[in-house]
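Read left to right, the sequence shown gives residues 1 to 131 (our numbering).
Glycine is no exception: its CB is placed at the ideal position from the N, C-alpha and C atoms.
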Amino acid sequence: MQQLEDKRSIGSGNVHIQLLNKGVIEEHTLRPSIHAMKTLSRRYGGLNEVINKIGKLDFDAVAEVIELGIGAPPTPKSRDELAAKLYETGFTDDTGGLPTLCINYVLTLLRGGRPPNPNGEDTTEGNPPSA
1 MQQLEDKRSI GSGNVHIQLL NKGVIEEHTL RPSIHAMKTL SRRYGGLNEV INKIGKLDFD
61 AVAEVIELGI GAPPTPKSRD ELAAKLYETG FTDDTGGLPT LCINYVLTLL RGGRPPNPNG
121 EDTTEGNPPS A
């Protein structure tokens, strides 16, 4: 029986995005975390629902995924600033559509911080052995 891939490199599940801020491109990294996974799951009733909302181009869902991925403590001001950046950027950027990148981030959360296999195949079987 094959075990879960536990040999991931630090940052291998990170998703990189670009946002415009008053005409200037800002690079941001969405880092997988259990906090992001739990928050999104609770707020949307499961991670599949988050993916559905993003797929429907729900502005608030995309903004929340980015906010949680960046990991900065949310404030009303930071949420307004992020909303302005998303509006200026649009739902596309030079690295690919923001919704697609957000879905990739949620899929990474579903895999415990491991990025999806580039070949699209799930190379894992079963659960890791219990301690």
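Evaluate residue i with the Cβ neighbour count: other Cβ atoms within 10 Å of its Cβ, from every protein chain shown; 16 or more gives buried, anything less gives exposed.
i: residue 16; result: exposed
i: residue 55; result: exposed
i: residue 23; result: exposed
i: residue 105; result: buried
i: residue 69; result: buried
i: residue 76; result: exposed
Let me know the secondary structure DSSP gives residue i once reduced to three states.
i: residue 57; result: coil
i: residue 127; result: Because the pLDDT at residue 127 is just 41, under 50, the model does not fix this residue reliably, and the point stays unresolved.
i: residue 83; result: helix
For residue i and residue j, what's the separation of their Cα atoms in angstroms?
i: residue 74; j: residue 67; result: 7 Å
i: residue 64; j: residue 98; result: 12 Å
i: residue 81; j: residue 111; result: 30 Å
Cβ of residue i versus every heavy atom of the ligand PLP: is any distance shorter than 7 Å?
i: residue 65; result: In the structure on display, the ligand PLP does not appear, and there are no ligands present to speak of.
Would you kindly check if the distance between the Cβ of residue j and the Cβ of residue i is under 8 Å?
i: residue 47; j: residue 101; result: no
i: residue 85; j: residue 20; result: yes
i: residue 115; j: residue 41; result: no
With a floor of 4 residues, list each alpha helix (DSSP H) that falls wholly inside the region 14–67, ordered by position along the chain. 34–44, 47–55
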